[in-house]
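Protein chains: 4
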Amino acid sequence: MPRSALQEKLYTVIFGTNTPAGKRFDMVLIYMICLSVLAMILESVDRISDHFGGLLSVLEWTFTGLFTLEYAVRIYCAPDRWRYMRSFYGVVDLLAILPSYLGIFLSNMNYLLIIRLLRVLRVFRVLKLVKYLSEANILLRAMSMARRKILVFFSSVLVLSTIFGSLMFLVEGPEHGFTSIPKSVYWTIVTITTVGYGDITPQTVVGQIIASAAMLTGYSIIAIPTGILTAELAAEMQRERSNRLCPSCTHPGHDSDAVYCKKCGHDLSKKPEAAVPDQPPGQSG
Amino acid sequence: MPRSALQEKLYTVIFGTNTPAGKRFDMVLIYMICLSVLAMILESVDRISDHFGGLLSVLEWTFTGLFTLEYAVRIYCAPDRWRYMRSFYGVVDLLAILPSYLGIFLSNMNYLLIIRLLRVLRVFRVLKLVKYLSEANILLRAMSMARRKILVFFSSVLVLSTIFGSLMFLVEGPEHGFTSIPKSVYWTIVTITTVGYGDITPQTVVGQIIASAAMLTGYSIIAIPTGILTAELAAEMQRERSNRLCPSCTHPGHDSDAVYCKKCGHDLSKKPEAAVPDQPPGQSG
Amino acid sequence: MPRSALQEKLYTVIFGTNTPAGKRFDMVLIYMICLSVLAMILESVDRISDHFGGLLSVLEWTFTGLFTLEYAVRIYCAPDRWRYMRSFYGVVDLLAILPSYLGIFLSNMNYLLIIRLLRVLRVFRVLKLVKYLSEANILLRAMSMARRKILVFFSSVLVLSTIFGSLMFLVEGPEHGFTSIPKSVYWTIVTITTVGYGDITPQTVVGQIIASAAMLTGYSIIAIPTGILTAELAAEMQRERSNRLCPSCTHPGHDSDAVYCKKCGHDLSKKPEAAVPDQPPGQSG
Amino acid sequence: MPRSALQEKLYTVIFGTNTPAGKRFDMVLIYMICLSVLAMILESVDRISDHFGGLLSVLEWTFTGLFTLEYAVRIYCAPDRWRYMRSFYGVVDLLAILPSYLGIFLSNMNYLLIIRLLRVLRVFRVLKLVKYLSEANILLRAMSMARRKILVFFSSVLVLSTIFGSLMFLVEGPEHGFTSIPKSVYWTIVTITTVGYGDITPQTVVGQIIASAAMLTGYSIIAIPTGILTAELAAEMQRERSNRLCPSCTHPGHDSDAVYCKKCGHDLSKKPEAAVPDQPPGQSG
């Protein structure tokens, strides 16, 4: 089935971000999502929902209607409908409207609460906003480079928390609030991350010594993810700055002392030939 | 209207910071601002205001009088009066004296409190002090470079806080202190920033698991602004260093303690010869 | 005594990690250790041990049996049995099974608690997992380089804590919860590491000023281990990068994604020719 | 007055650290200081001082006697007695013994407490230990380089704390625990440093919003000292590594691309002449 001109036009506006109309559509969408999230937040405040419950309910249904319309149009104009519906944003777009409709048929209070939990996911759509800020790319690339190192770090923190938590359970015991190892591990995470609520605190001398060790550990190992990310970020910014593109294969990120392209072996010192057009840095959003 | 010699002289002393008199004036001003802020702080302590309330009131009015005189002289000697009055410091200078006068006519206690709020802005004038320390410039430049990255980071933190806050509101509910989503978001910020007052704490097992996730998230993402700023600061310090050029061979990158050019052995402390034009390092503010 | 073929085969599987069988054995072992730790953690929860106490006890003894078998086989196939038994993992392997057996003969409750404390050490065996992740090596090398600097830092923190703790004991005294210098030092560690439980807080004005100084100190010196580790990690990553030499021109510093030498354009993916000896990058563990 | 051989010998042992005897003396001294500090700490614990009060008192006087003897010998063998007595360690050495003697004549409890406060200074002598660890030098140099930047940072934190504290005093007021501006500033420092005791917490919505802003500020600006120190430390380690000494004036820290000494202008590429002996790197402690 060939795509109609309307489908093409809608696709450019709704999915694209390069045309002025596409940009405007996305900005309006972001404002609407923020407003609907705000309405949901305000509804949770008793004093506000008592006075403005009706207005908020109308707003809620207006937004649900508009997002439903948007979802329908997205399906209509997507080149590959099934692929869009299965994509991350396709699923989130559906989940952002579904709870409101389910709320009509299933009036069980408890169940509604769980549905609202899904509604919170609507906030994720706001994250689209991130892609407009090119700075976020450097951050995301550096974090992606640091991915495995951060994973090793988190595993170590969890192992450490289990050890410290088990120790504290043995030393302090249920009479001082450390009622089980999971609760002690929770306390250890509260302590190692230097949050320190103070709802459970060690009472014995040995417990306070172990707690001090846990605090000093947490206070020191915070240096590890910071160190990892800083080093990756510095390297990434260095690469961004020296953004030398290969004139033959347009591969970016060559060091300032590179003579040959590290991807295709092209001589970087040579002037690009006439056949190869001078391509502007192809920055993907 | 040509400017009088008095206006010129006052302008050099009050607005300028290059002459000895101008420097002395600014130092005296800073001391006076600090003293007046101190007086305001002490006045808020019940025991002190009961005993020294009269003295503090006299001090308060003395400082208000002096600052009013200063404001009048600044307007008198400014080359472009209207421009000064609309400038940031012009407005702050006015706001630093206005509340005291308004306090005479409007004795409503509640209103006075809001006026005092403005009086606090007087502290901003102390920030002028920052510009005297050249080190602050590198910091400010690095922070200005990192501006957009930090903004992306803060948006993400706020989105994360909203998600975690909504989850906690659903899981813990009003009976455990999470009375509304805004309050839950407040709790999430207290937790993610690792402050952890402990006035609201999760009581259910699921709530404690989500809280642990929020803590570990907060504990890890602190690495992001640190990484951004460190990378920018290192680059900025590198640039500052490269700004020192040899007047003979123009080789850059001399350390601040270097006496001879590391490339050609030229004496860096000597005045450049006539043949070599005196190129000041183009430091942008 | 010559080693039998069975011993050789078992050694490759149990101690080695290079063969597929060896890798599979280690993965199964890690899963089993995690499961047995999980069983121990669940047993500590009253509600779970009341309902599933029997099942958990069976699991506990199954794991103890399997780990005992593993320990016996390790001793059987080790080339130097005595050396294995005295090695770190040899001792941990023994300690991971001993408490269960000791628990049969010594039913004294108090004593059992101490035995369980040793059982927690079983978690250390999970740490073996770290060595499979090559990323951990860079982290460990950087931490090993920073070892002495971190030690100096920790000594300073402990000296500072003693000073601040003694001061607070003198200023606040037993009536405000600072019952002894050790307790005050504990409070100082809670404060300096920015954990801040709030179970003990300064009540006097002087105490709050000293506490503020301690907080600002702790807030600032966190920069030191972070700075140390970041600098070491950046240097280590630089070194890792420099380790990739071009086999043709031996130019170092190729990125991990480089296919061609940036200096001479040589294909880095090709085997080095006969004339150029195959020098493996001398990576020290 | 010519110095006797005994004076010379004692000087080498007590003040020097290069001879084996000098090193041994310093190590013994450090152990003794640690022990005497430990005795003082234990004395503050009621249960211990009730049982071992006599023993601790004897220890206390033994250490006081030994430190008095040491102080006398130091004065005896110092080349310039008056200069030693006025030096930092000379004053600390005196203050470390004085309180015990003053405690005999002045039995006023209140006064004794202040004397004990001085006694805590004895801990500073332990800091001498730092100079044995060469790693500390890099740390201290980096911190000294970052000195002015850190000062700017601290001033900003204090100004910010005053502003946030004043705002909170106006918004929350005495009825919620913010009894005066100094107390509110104390609360702000507890919050900005992410310590968060929770003894005072905002109760109003506006107060919680301002508190959230203060937390996010504190959470972010921690990046600043870390960034400063990391950048300085990386530069310092770079300099340490490239420890190129000038063969003429032995000035260290030349960049790897330096051709001339930055201190004396000596040609670094030339071989050192016979007249200039090959001096080993003169590392000052």
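Residue numbers (the working numbering), protein chains in the order written: chain A, 9 to 293; chain B, 9 to 293; chain C, 9 to 293; chain D, 9 to 293. All C-beta atoms, glycine included, are put in the ideal place defined by N, C-alpha and C.
Got a sec, what are the start and stop residues for the alpha helix (DSSP H) V193 (chain B) sits in?
-> Element bounds for V193 (chain B): I189 to I200.
Could you spell out where the alpha helix (DSSP H) holding G30 (chain C) opens and where it closes?
-> In this chain, the alpha helix (DSSP H) harbouring G30 (chain C) covers P28 to E51.
Report all residues from its chain with a CB closer than 6 Å to the CB of F177 (chain B); omit the five preceding and five following residues, and keep chain order.
-> Here the set comprises F186, I189 and S192.
Does the distance from the C-beta atom of L241 (chain B) to that of A239 (chain D) stay below 7 Å?
-> Going by C-beta atoms, L241 (chain B) is nearer than 7 Å to A239 (chain D).
G204 (chain A) versus S52 (chain A): straight-line alpha-carbon distance, rounded | Cα to Cα, the separation comes out at about 28 Å.
Give the range of the alpha helix (DSSP H) segment to which V66 (chain D) is assigned.
-> Taken as a continuous stretch (DSSP letters only), the alpha helix (DSSP H) holding V66 (chain D) covers D54 to C85.
Alpha carbon of K139 (chain B) to alpha carbon of I232 (chain C), nearest angstrom | The pLDDT assigned to K139 (chain B) is 46, lower than 50, so where the model puts this residue is not dependable, and the model offers no usable value.
Q216 (chain D) burial status per 10 Å Cβ neighbour count (16 or more: buried) = Note on Q216 (chain D): 16 or more other CB atoms within 10 angstroms of its CB, so buried under the neighbour-count rule.
List the residues of chain C whose Cβ lies closer than 8 Å to the Cβ of G206 (chain B), in chain order.
-> Simply Y205 and G206.
D101 (chain C), DSSP secondary structure in three states = In the three-state reduction of the DSSP assignment, D101 (chain C) falls in the helix class.
Can you list the residues of chain E that T199 (chain A) reaches, using a CB-CB cut of under 7 Å?
-> Going by chain labels, chain E is absent from the structure shown, which instead holds the protein chains A, B, C and D.
Which residue comes first and which comes last in the alpha helix (DSSP H) that contains G226 (chain D)?
-> Per DSSP, G226 (chain D) belongs to the alpha helix (DSSP H) from V213 to I229.
Distance between E244 (chain B) and R149 (chain B) (C-alpha atoms, nearest Å) | Each residue's Cα considered, the two are about 8 Å apart.
Report all residues from its chain with a CB closer than 6 Å to the CB of Y19 (chain D); omit the five preceding and five following residues, and keep chain order.
-> Result list for Y19 (chain D): C85, in chain order.
Short CB-CB distance (under 7 Å) between V167 (chain C) and chain A | No, because no Cβ of chain A sits closer than 7 Å to the Cβ of V167 (chain C).
How would you label M294 (chain C), buried or exposed, when you count the other beta carbons within 10 angstroms and need 16 or more for buried?
-> Residue 294 (chain C) lies beyond the residue range present for chain C, which begins at 9 and ends at 293; the question has no answer from this structure.
For K157 (chain A), does the count of other Cβ atoms within 10 angstroms reach 16, so buried, or fall short, so exposed?
-> The C-beta of K157 (chain A) has 16 or more other C-beta atoms within 10 Å across all chains shown, which makes the residue buried.
Could you give the distance in angstroms between the alpha-carbon of P28 (chain B) and the alpha-carbon of A104 (chain B)?
-> The straight-line gap from Cα to Cα measures roughly 26 Å.
Length of the line joining the Cα atoms of A80 (chain D) and D34 (chain D) = Between A80 (chain D) and D34 (chain D), the C-alpha separation is close to 16 Å.
Residue-level contact to chain A via CB, P210 (chain C), 7 Å cutoff = False, the Cβ-Cβ gap to chain A never drops below 7 Å.
Quick one: what's got a C-beta closer than 7 Å to A222 (chain D)'s C-beta in the same chain, skipping five residues either side?
-> F172, T196, T199 and I200, listed in sequence order.
How about S95 (chain D) and T72 (chain D): do their beta carbons lie closer than 7 Å?
-> Between S95 (chain D) and T72 (chain D), the C-beta spacing is not below 7 Å.
Less than 8 Å between the CB atoms is what I'm expecting for V179 (chain D) and I218 (chain D), so what's the real figure, rounded?
-> By a beta-carbon distance limit of 8 Å, V179 (chain D) contacts I218 (chain D). Their separation comes to about 6 Å.
Element boundaries [alpha helix (DSSP H), containing V160 (chain B)] | Its alpha helix (DSSP H) spans residues R155 to E180.
Go through its chain and collect everything with a Cβ distance to V21 (chain B)'s Cβ below 6 Å, but skip five positions before and after it.
-> These residues qualify, in order along the chain: A29, G30 and F33.
So V21 (chain A) is in the alpha helix (DSSP H); what residue range does that whole segment cover?
-> A13 to I22 is the span of the alpha helix (DSSP H), which, as asked, contains V21 (chain A).
Who are the Cβ neighbours of A154 (chain A) in its own chain at under 6 Å, not counting the five residues just before and after it?
-> A distance below 6 Å between beta-carbons, with the five flanking residues on each side excluded, links A154 (chain A) to the following residues of its chain, in chain order: I236, L237 and E240.
At least one CB of chain B closer than 7 Å to the CB of V160 (chain A): is that the case?
-> By this cut-off, V160 (chain A) is not an interface position.
Partner residues on chain A for T202 (chain D), Cβ-Cβ distance less than 8 Å | At a beta-carbon threshold of 8 Å, the residues of chain A lying near T202 (chain D) are T202, ordered along the chain.
Taking just the CA atoms, how far does T202 (chain D) sit from T70 (chain A)?
-> Roughly 41 Å separates the two Cα atoms.
Could you tell me the distance, in whole angstroms, from the CA atom of M48 (chain D) to the CA atom of T209 (chain D)?
-> Rounded to the nearest angstrom, the gap between the Cα atoms of M48 (chain D) and T209 (chain D) is 36 Å.
Would you identify the three-state DSSP class for P107 (chain B), choosing helix, strand or coil?
-> In the structure shown, P107 (chain B) sits in a helix (DSSP, three-state: H, G or I).
Going by C-alpha distance, which of D:S174, D:Y97 and D:E183 is nearest Y194 (chain D)?
-> Taking the Cα of Y194 (chain D) as reference, the smallest distance to any Cα among D:S174, D:Y97 and D:E183 is reached at D:S174.
Report the residue from C:H184, C:G206, C:F162 and C:D101 whose alpha carbon sits nearest the alpha carbon of I38 (chain C).
-> The residue among C:H184, C:G206, C:F162 and C:D101 with its C-alpha nearest the C-alpha of I38 (chain C) is C:D101.
Can you tell me the Cβ-Cβ gap for S57 (chain B) and L67 (chain B), rounded? I've got them flagged as a contact below 8 Å.
-> The Cβ separation is near 12 Å, so there is no contact.
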